[in-house]
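For reference, each letter of the sequence shown is one residue, going -26 to -1, 1 to 126 in mature numbering (1 follows the signal peptide of the UniProt record, and there is no 0). Glycine included, C-beta positions come from ideal geometry on N, C-alpha and C. So the structure is just underneath, and the comments pick up after that.
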Amino acid sequence: LRVTGSDAISALCMMMVVMMMSEVTAMPKEMVKQVSKDVQTFPLHIDPTAFSPAPSMRPLHNSSISPWTYDFSHDDNCFPPVLSEARCLLKGCLDANGHEDQSLHSQPLMQQGLLLRRITAPEGGNQNHFRLESRLYAVGCVCVRPDVVTQE
C-alpha cells in the first residue's frame, strides 16, 4: 500500500473530523441497561451523513524541518477501523541547507482522540457493544531544543 502525503493528511483530517465533529444521538433514558454496578449501556446511533468533508490543506510532513511519515493500523473491532499515526523520520531537525542538525530534536506532536471499541455482549449473545476509549497518538513532528537538566 503506497500512500502519498496528501492522502495521509486527508485521512488524518477525516479521522479527526469524525472523532471531534460526529453527530451522536443517544436513546431515551428508558433504554439504558445496567450491566454491572459500574457499567451502563445504551443504544448509540452515529449519523455518517453528518460528517463534514476535510478542507484541502498543504501537506506539511515533507516541508517541515522535522519531517514525518504516517504508519497506518487496521482494527475491525474499532471505529474508525483505520488509524494513522505520525512517525518522525529524523532524530534531529533539518537546517536551512537541508542537512540534519543533531543539536535539535524531532519530537512527535501528540493528540488525544476518541474511538469506539467493539466488545462482545456480557451475556455471550450475538449482539456487540462499543466502548468509548481515549487514545493518545502522534499527529506530526515538531523541532524542539533538547532538555537540559541543570544540577545545583
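- Note on P41: 16 or more other CB atoms within 10 angstroms of its CB, so buried under the neighbour-count rule.
- Taking a cut-off of 8 Å on C-beta distances, the segment 44 to 55 does not touch the segment 67 to 83, as fewer than three cross pairs fall below it.
- If you look at Q81, you'll find it in the beta strand (DSSP E) that goes 79 to 94.
- Between Q81 and V116, the C-beta gap is smaller than 9 Å, which places the two residues in contact.
- The continuous beta strand (DSSP E) containing H103 extends over residues 102 to 118.
- The Cβ neighbour count for S58, taken over all protein chains shown within 10 Å, is at least 16; the residue is labelled buried.
- Looking at the DSSP output, A60 shares a beta bridge with Y44.
- When C-alpha distances from D121 are compared across E74, D21, L78, the shortest belongs to L78.
- The beta carbons of F104 and R92 sit closer together than 9 Å.
- Inclusion of L83 and R109 in the CB contact set at 9 Å is not warranted, their separation being larger than that value.
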